[in-house]
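Rendered as C-alpha cells:
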C-alpha cells in the first residue's frame, strides 16, 4: 500500500542507489519549463541505469510520475540535503549535475553500495542529464549557491583604453578658456538646483537672478567685448551657451533670448547709434529684452506677420499696431515678466507703401516693471518645460516709437518719410534680416548636444552600476552588459560624438561666413539644428527608459532634460519646415551648378556617379569583411551617393510636375517626404564627413582608436537604418546588410569597456548633472 | 547724363511701349531667387521685342542692370501702379505675367501705341516670361492679391465618407454599456481638470476624491459584481479602465493600483475568506490597498526579491522583514499617503525552509492614517508625470501579521507550520502567481491606446484648422494638407486603429484563458503591452511636435499625456524585458511543436515555407500594382514569413551556442537584439491579423472601406519600416519597395478627408480632452 502513494523526500534520500540521481530528480520538478513528456523521458533514462535495484526503480518511477508532483516542502527537504552534502565537497563553478550527483554518491555514508567507478558513473549520468534537457551547470549553480562561484562580469572587462581627461581636451578643442570659465561660474554655490519644487513665479525669479549673476561675471562681454560689431565673437558666445546648457535649460533659453536673440538683433539689424545706446545695457542686463517675431497666426511663416509699423511723417515716429488677435505676438520669451523692451517685427508702411517686414525697438515696461500705455501683455501659462522662462503674448494698440527705433541697417526711413535700402527685393531683404536667426539656430543645436550629453552621462553611469538578471547562482549582470542595453545607449553615444564634431564645423562656418556663402551656412544651420534637436529628443527618451523607474523621478533630472528640450524641435524654426528649407537650398545649388558651368557640372556629375557606381558593382556590394565595413571612405561614399541620387530624383520629379503645369507650391507639397529624406541624407553625410575629419586630426593613438570606433558605429548605424534604401539601389546586398548589423553589435561590445570614460570625457560638473543615479563618484 | 543713372519708376511707367513688360520687370527684382545671370537673360529676351523703340530699350537695359538694383520705394511705386491698373481688369486666378502685361498695355490710356494684337502680344511676352524662370501665375497672384482668387484647399475636398457615430459603435463593440456608463460618470461636473496648477498634496487629494466618487458609483462592482471570483468580469473592468483613460491618467493609475492590482491579488491569490473579508472594502474604497512587489534592487527580476516572510509556528504568525536597503519596496502606488494595507511579495520561510516568493496582506496604516509600528514609509518624490499618484517606499522591521494574511491559493501554511502547495516547483508557482499581473498588463495596453487616441484627436483637429504657408496670393494651406503632416499623423492613426482591434482580441483571450493557454496569453499580453505603450510614447511625441508651440502648452494637455504615459513602457514589466519574454515563449512553443508531433510539425513547416516562398519568386517580389499591395493576405503573408524566419534562425543560433558550451544566460544575451526583433515581428503580425479579421466583420460598406484603407496603411507601413529586412530576404524587390512607399503616401491622401471623422469616432468627451486647440466644436 505504501508503494501506491508518492514517495516522501525521506524515502528518496534513504535509498543509496538513488544518491547519484538526486540532483536531477530535484531539478526535474523545480525547473518550471519541464513538460510532463520531458519528466517521463528522464524517468526512462534514469531507470535504465544498471546499478539500480527494484525498490530504487519503483521509488524513482513514482517520484517522477507527472500526475503526482511532490509537495514543495518535500522538495525543500531534498534541496537542503543536497546543499548540506555539497558543503563537504569542493565544487568548481563548471560542475554538471552528473558530476555533482557522482560526488554526492561518493561521499554518502553508504559508500559500500555497488556503484560503478566515478568516471563511469559520471558518463552514465551524463546520458540521464541530457534527457533532462536543461543546462546542468546552471542548475548546479542555482542549487548550490554556496559553491564558491565568483561574481563575474559578462562581456569584456579590460580596463578603459584611454584617459577621460585627454578626450575631454579634444571635446573642449574650441574656445577652451571660455568653456572652463563657464564651468567655473556654474560650480559656484549660487548655481544649485532648488531642493524643493518651486512655483512658476519663484522659478522665474531664480532664473533671472542666475542670469544677472552671469551678466555681472561678464557673459555679455563674451559676445560683444567692444560693445559693437567689430569685436563681436559669436563663436565664443555659442561655446559659452553650449557649456551653460549642462545646467538649467530655462536659464539657457532666457540667456539665449536676451543676449542671443535680442542682443544680436540690435547688433546685426541696428546701426552704430543703436549699438552705442543699447549694447552696454544688454551686456549688464540693465535692459532685459525680447525678440518679438512669431505671431499666433504666423509661427513658421513669419514673412506674413500682420503686425504693422506705419511711419507718421508729421509726428516723425512709427505707429506699431496689432490689427487682429491672430496678429498678437506669441511665445515671446521674457515678455510675461522681465522684458522692458522688444525687437518687434512688423510690416513697415511708409507713405502708404508696404515695404515688408522690418524690426523696431518697442519699449514694453518702465523701470518699475509697469507695462507702458498701449501695450498689453498676457502670460502664455504653464508649459511642458522651461517654466523658468516667462513667455508672454503682446498686443500693441497704436503704440508710438521714435523714428530712431527702427533697426535700420538694411532699410532706412528719413524724417521726411523716404525709404531707402541697399536690398531692393522685400523678400531678399527679409531673408537677410532673418540671418540674425542663424546664430539662434546654431545655439539651439549646441544646447541640444549638451542636453543629450547630460542624459547619456546619467544613463550610462547608471547602466554600469545597476545589475539585473544574470546566470543562476551568480551575481546579477550590469545593465550595460546586456546586448540590448548596449545598442540602445552606445549608438546614441556615437551619434552624440559625431554631432560634437559636426557642430564645431557649423560654428566655424558661421563665424567665418561671407556674403557669398551665407545662404549655404543658413541651410547648414537649419539642417543641423533639426538633426541635433531631434537627436536630443530621441536620446533623452531612450535614456529615460533605460533608467527605468529611476529615470522617471524628477530627482534624477531626466524628466526636466526631456521636457525642457522638447520644444527645441519647434522653436527657432520648426524642424520639418527647416528640413524643407535645406532641401530647397540644395535644389537651388543643383540648378546653379548647371547654370554656372554646364560642361564642368556634367563632367563632375559623371565623375561622382562613376565613383559611386564602384559601390554598386556586385563585388563591392557583397563585401562583408570588417576591414571594408570599417572604412570611413566606404561609408561616406554610400551616404554621398544617396544624397546625390535623392537630389537628382527630386529635381526630376519637380521639373516634371512644373512642366505639366502644376503650380510650384503644390509640386513641392507632392514631394515633401522626398525633400525631407533628401535633407536627412544630406545632414547625415555632413555629420559623418566632419566626424571623419575630426578623428583624422587627433594625434594620440589611444584616442584615435576609440573615436574611430565611435565613428564607425555612427557611420554603420546610418547604413543600418537606411538599409532599405541602399538595398533598393543596389549598393548593399543581403549578405552585406546582415554583416553591417553584426558589425554594429560588435562595435558596441568593443566600446562597452570605454562607455563610462566616454561620458566622463564630456566633463559635466556633478553639480550641473545633479542626478543621484548618475554622479561621477558612483562609477567604479 | 540722365541716361547714366538708373531709371526711376516714374520714367519706366511713363513709357507706353514698356507697359506690357512692367509686371515682369517688377517680378525680376522682387523674386528673391533670381540670379544676376537670369536677370540679364530676361533683359535680352525683352529687348528683342520688335515694338520697342530706342528709348524704351535703353531704359529697359538700365532697369535690368544687375549692378544697379532699384530702390525699394521705387519698386513699391511700380507695384502700386500695377495694382491700381489691375483693379480695372477682370483677372482669372490663372493669369500669366504675359497675359497680365498684355491686358495692362491694352487698358493703358496710351492705347494709341503700336502694339501687336492681344494674342500676338501674349505669345511674344510668353517667351520673355519663360526667360524669367519663375512661375508667372504665382507671381501674378502674389502681385495682385485683390484679383478675386478663391481661397482653395489643397488636396481632396470630398466630404467625409462615413458617419463618425457609426464608426464609434464599431470601436465601442465590446462592453458598450460599460463604456457609456463610464463616459457618463466622466461628464459629471465633478470630473473637471483643475484650472490652476496644484501642488502635489492637493493633486493627490483631488485624485483620491475622484476615485472615491467612482467607487460610490460602482466601479468596483464592475470587476467583481458578486464580491468573489464567480461573477468576476475583468473584461468589463478593463473596458471601464480603458474609457477612464480618456480622463486624468493619475486617476487611472491609482484606480489600477487599488482595484486592479490590489483587488486582483486578493481575488486571484487569496481564498474564500479573503474574498469575504476584503473584497467589499476594496469595492467601496474603505480599505485603500497597495501592491508591494518591486524592490529597489529588484524591479524587473522580481523572482529574486529579498523581503522575507518567516513563519513563527509558536506565535502562529508571519514576520515580514526588509533585510537591507536595496530590499525596500520601491515605487509602490498608494503607499505614500492613502494605502492602508498592502499585498507584499516576500520570500516565504517555513520551518527554516525557503519556499520562494509568496504574497501576504500587511496592514500599513490605521483608520486615522497613522503608520503602524514597524512600518516605515517614504515618499518617492516628484516624478515626470502621474504626480496625483502617491508612490512610496516601504520598509518592514519584523512586522508580524496573522497566519490568515497569507494569500494562500497556491501555497498554504498550516498552524503547525506545514507548507502545502498544488504546484511543486517554486519557479512555476511564482509564475502562476505572476499571472495576476497579466490583467495589469492588459490594462496598461488599453490605457496606452486611449492616451494615444486623445493625442491624435487633438493633433488631427488642430491640423485641420491651423493654416501655414501656401501658394502666393492664396489663403494659406491647412497643416493636414501638407504631405509630411499627413504622414506624421495618419500612419500613427492607422496603427492606433490596428491596436484597437488587437487589444479587443487580447482582452477576449485573457477573459477566456484556460490553464492550457495561460502561458500563451501571458506572452500575448506582454508583447501587446510593450507594443501599445511604445506606440503611445511615439504617437504623443509626434502629436506634441505636430502642434508646434501650442502642443507645448500645458493647457493643450499634450504635455500631461506624454509625461503621464511615459512610465507605461517601464511599469508592469519593462518593455525590453517583456519583449524577451515573448521571444522565449515563442521559442518554447517552437520546441514543443517538434516535440509533440514531429511529423506534423515538419509537414506544417514545409507548408508554411511553401506558401511564403511564393512571395519570394521574382514575379511576386516585383508586383507593384495597388490591387496587389492592398491585399491584406499578401501583407500578412510577408509578416508571417518574417516571424517564422526570425524564430527559426534565432533557435538555430541559440542551439549552436549551447552546443558549443556557452551557458544559457550568455547565449541568450548574445542574441538579445535578434530576440527583440522576433518579438516585434510577432506582435506586428498579430496586430495586422486582428485588424484584418476585425475589418472583415464590419458590415457597413462605407465603414468597411475606410477601415480597409487604415488597415492597408498599417500593413504597408509595417512593410515600409521593415523594408531592409524584406529586401534582404528576397521578398521585396527594389521596384516594389518604392511602390510600397508611394502607396503609403497615396493612402494618406485618400484618408485625409476622413481624418477628423476618424478621431471624432473615438468619442472622447470634450471635458476629458480639454485642449482648447482640439475640441470637437472647433472642427469644421
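Chains as they are written, first to last, in the numbering used here: chain V, 3 to 782; chain D, 3 to 782.
Even for Gly, the Cβ is constructed at its ideal location relative to N, Cα and C.
Check your understanding: For residue 342 (chain D), which of D:302, D:317 and D:259 has the nearest alpha-carbon?
Key -> On the second chain, position 340 is the one that residue 342 (chain D) refers to. Nearest C-alpha to residue 342 (chain D): D:259.
Point to revise | Within 8 Å, strictly: CB atoms of residue 415 (chain D) and residue 408 (chain D) | key: Start at 1 with the first residue of the second chain, and residue 415 (chain D) comes out as number 413. Start at 1 with the first residue of the second chain, and residue 408 (chain D) comes out as number 406. In contact: residue 415 (chain D) and residue 408 (chain D) (Cβ atoms closer than 8 Å).
Practice item. Scan the region 377-408 of chain D for residues whose Cβ lies nearer than 7 Å to a Cβ of chain V and list them as they occur along the chain. Key: 382, 383, 384, 385 and 386
**Study point:** Cβ-based contacts, 9 Å cut-off: residues of the region 59-89 of chain V near chain D
**Key:** 71, 72, 73, 74, 75, 76, 77, 78, 79, 81 and 82
Review point. Quick one: what does DSSP say residue 84 (chain V) is sitting in, helix, strand or coil?
Key: Along the first chain, read from residue 1 onward, the residue named residue 84 (chain V) stands at position 82. In the structure shown, residue 84 (chain V) sits in a helix (DSSP, three-state: H, G or I).
Exercise for review: Write down every uninterrupted run of the beta strand (DSSP E) in the region 438-514 of chain D whose length is 3 residues or greater and which is fully enclosed by it, in chain order.
Suggested key: none
Point to revise | Residues of the region 420-438 of chain D whose Cβ lies closer than 9 Å to any Cβ of chain A, in chain order | key: Protein chains V and D are contained in the structure displayed, whereas chain A is not.
Practice item. State yes or no: is the beta carbon of residue 473 (chain V) nearer than 8 Å to at least one beta carbon in chain D? Key: Along the first chain, read from residue 1 onward, the residue named residue 473 (chain V) stands at position 471. True, the Cβ-Cβ gap to chain D drops below 8 Å.
Practice item. Name, please, each residue of chain D whose Cβ falls closer than 8 Å to the Cβ of residue 747 (chain V). Key: Numbered from its first residue, the first chain carries residue 747 (chain V) at position 745. Chain D residues near residue 747 (chain V): 675.
Review point. Using 8 Å as the Cβ pair cut-off and three pairs as the minimum, do the region 458-477 of chain V and the region 255-274 of chain V touch?
Key: no
Check your understanding: Is the region 394-413 of chain D touching the region 424-432 of chain D, taking contact as three or more C-beta pairs under 8 Å?
Key -> yes
Point to revise | Three or more C-beta pairs below 8 Å linking the region 683-697 of chain D and the region 486-500 of chain V | key: no
Review point. Under 8 Å between the Cβ atoms of residue 715 (chain D) and residue 685 (chain D)?
Key: As a first step, residue 715 (chain D) must be located in the second chain, where it is residue number 713. As a first step, residue 685 (chain D) must be located in the second chain, where it is residue number 683. Not in contact: residue 715 (chain D) and residue 685 (chain D) (Cβ atoms no closer than 8 Å).
Practice item. Name the two residues that bound the continuous beta strand (DSSP E) containing residue 397 (chain D). Key: Along the second chain, read from residue 1 onward, the residue named residue 397 (chain D) stands at position 395. Note, residue 397 (chain D): beta strand (DSSP E), 394-398.
Review point. Of all the CB atoms in chain V, is at least one closer than 8 Å to the CB of residue 413 (chain D)?
Key: Here residue 413 (chain D) refers to the residue found at position 411 of the second chain. Output row for residue 413 (chain D): interface = yes.
Practice item. Compare the C-beta of residue 550 (chain D) with all C-beta atoms of chain V and state if any pair is closer than 8 Å. Key: Within the second chain, numbered from 1, the residue matching residue 550 (chain D) stands at position 548. Yes, because at least one Cβ of chain V sits closer than 8 Å to the Cβ of residue 550 (chain D).
Check your understanding: Among the residues of its own chain, which have a CB less than 6 Å from the CB of residue 236 (chain D), if the five just before and after it don't count?
Key -> Here residue 236 (chain D) corresponds to residue number 234 of the second chain, with the count starting at 1. Here the set comprises 441.
Review point. How should residue 630 (chain D) be labelled, buried or exposed, when 16 other C-beta atoms within 10 angstroms of its C-beta is the threshold for buried?
Key: Position 628 of the second chain, counting from 1, holds the residue named residue 630 (chain D). With fewer than 16 Cβ atoms within 10 Å of its Cβ, residue 630 (chain D) is classed as exposed.
Point to revise | Beta-carbon neighbours of residue 755 (chain V), restricted to chain D and to distances below 9 Å | key: For the purposes of this step, residue 755 (chain V) is identified with residue 753 of the first chain, where counting begins at 1. What residue 755 (chain V) touches in chain D: nothing, since even the nearest Cβ is about 16 Å away.
Practice item. Scan the region 347-379 of chain V for residues whose Cβ lies nearer than 9 Å to a Cβ of chain D and list them as they occur along the chain. Key: 352, 353, 354, 355, 356, 357 and 358
**Study point:** Contact under 8 Å by Cβ, residue 103 (chain D) with residue 66 (chain D)
**Key:** Here residue 103 (chain D) refers to the residue found at position 101 of the second chain. Here residue 66 (chain D) refers to the residue found at position 64 of the second chain. No. Outside cutoff.
Review point. Any residues in the region 561-578 of chain D with a beta carbon nearer than 8 Å to a beta carbon of chain V? Which ones, in chain order?
Key: 561, 564, 565, 568, 569, 571, 572, 573, 576, 577 and 578
Check your understanding: Since residue 91 (chain D) and residue 107 (chain D) are thought to touch, with beta carbons under 8 Å apart, how far apart are those beta carbons, to the nearest angstrom?
Key -> Position 89 of the second chain, counted from the first residue, corresponds to residue 91 (chain D). Position 105 of the second chain, counted from the first residue, corresponds to residue 107 (chain D). The pair is not a contact, with the Cβ atoms about 11 Å apart (cut-off 8 Å).
Exercise for review: Mind listing the chain V neighbours of residue 489 (chain D)? Cutoff is C-beta to C-beta under 8 Å, in chain order.
Suggested key: Taking the first residue of the second chain as 1, we reach residue 489 (chain D) at position 487. Neighbours of residue 489 (chain D) on chain V, chain order: 675.
Review point. From this set, D:518, D:718, D:536 and D:579, which residue's C-alpha is nearest residue 858 (chain D)'s C-alpha?
Key: Any property of residue 858 (chain D) remains undetermined from this structure, which presents chain D solely from 3 to 782.
Practice item. Within its chain, find whatever has a CB closer than 7 Å to the CB of residue 319 (chain D); leave out the 5 residues flanking it on each side and keep chain order. Key: Position 317 of the second chain, counted from the start, is the residue given in the question as residue 319 (chain D). Result list for residue 319 (chain D): 402, 403, 404 and 405, in chain order.
Point to revise | Reduced DSSP secondary structure (H/G/I, E/B, other) of residue 53 (chain V) | key: The residue you call residue 53 (chain V) lines up with position 51 of the first chain. Residue 53 (chain V): coil per DSSP, three-state reduction.
Check your understanding: For residue 291 (chain D), which three-state DSSP category applies?
Key -> For this step, residue 291 (chain D) is matched to residue 289 along the second chain. Residue 291 (chain D): strand per DSSP, three-state reduction.
Exercise for review: Mind the definition here: the region 720-740 of chain D touches the region 187-201 of chain D only if three or more C-beta pairs lie below 8 Å; say whether that holds.
Suggested key: no
Review point. Grouping DSSP H, G and I as helix and E and B as strand, with all else coil, what is residue 404 (chain V)?
Key: Your numbering for residue 404 (chain V) matches position 402 in the first chain. Reduced to three states, the DSSP call for residue 404 (chain V) is strand.
Check your understanding: Is it true that the CB of residue 472 (chain V) sits closer than 8 Å to the CB of residue 576 (chain D)?
Key -> Here residue 576 (chain D) refers to the residue found at position 574 when the second chain is read from its first residue. Here residue 472 (chain V) refers to the residue found at position 470 when the first chain is read from its first residue. No, the Cβ-Cβ distance between residue 576 (chain D) and residue 472 (chain V) is not below 8 Å.
Point to revise | DSSP state of residue 702 (chain V) mapped onto helix, strand, coil | key: If you number the first chain from 1, residue 702 (chain V) lands on position 700. It is coil, neither helix nor strand.
Point to revise | Cβ of residue 200 (chain D) within 8 Å of any chain V Cβ | key: Reading the second chain from its first residue, position 198 is the one you call residue 200 (chain D). Taking Cβ atoms only, chain V never reaches closer than 8 Å to residue 200 (chain D), which makes this a no.
**Study point:** Residue range of the alpha helix (DSSP H) that includes residue 12 (chain V)
**Key:** For the purposes of this step, residue 12 (chain V) is taken as the residue at position 10 of the first chain. First-last of the alpha helix (DSSP H) with residue 12 (chain V): 11-16.
Practice item. Could you name the residues of the region 328-341 of chain D whose beta carbon sits closer than 8 Å to any beta carbon of chain V, in the order they occur along the chain? Key: 332 and 333
**Study point:** Rounded straight-line distance, which links the Cα of residue 763 (chain V) to that of residue 182 (chain V)
**Key:** The residue labelled residue 182 (chain V) in the question sits at position 180 within the first chain. The residue labelled residue 763 (chain V) in the question sits at position 761 within the first chain. Rounded to the nearest angstrom, the two C-alpha atoms are 14 Å apart.
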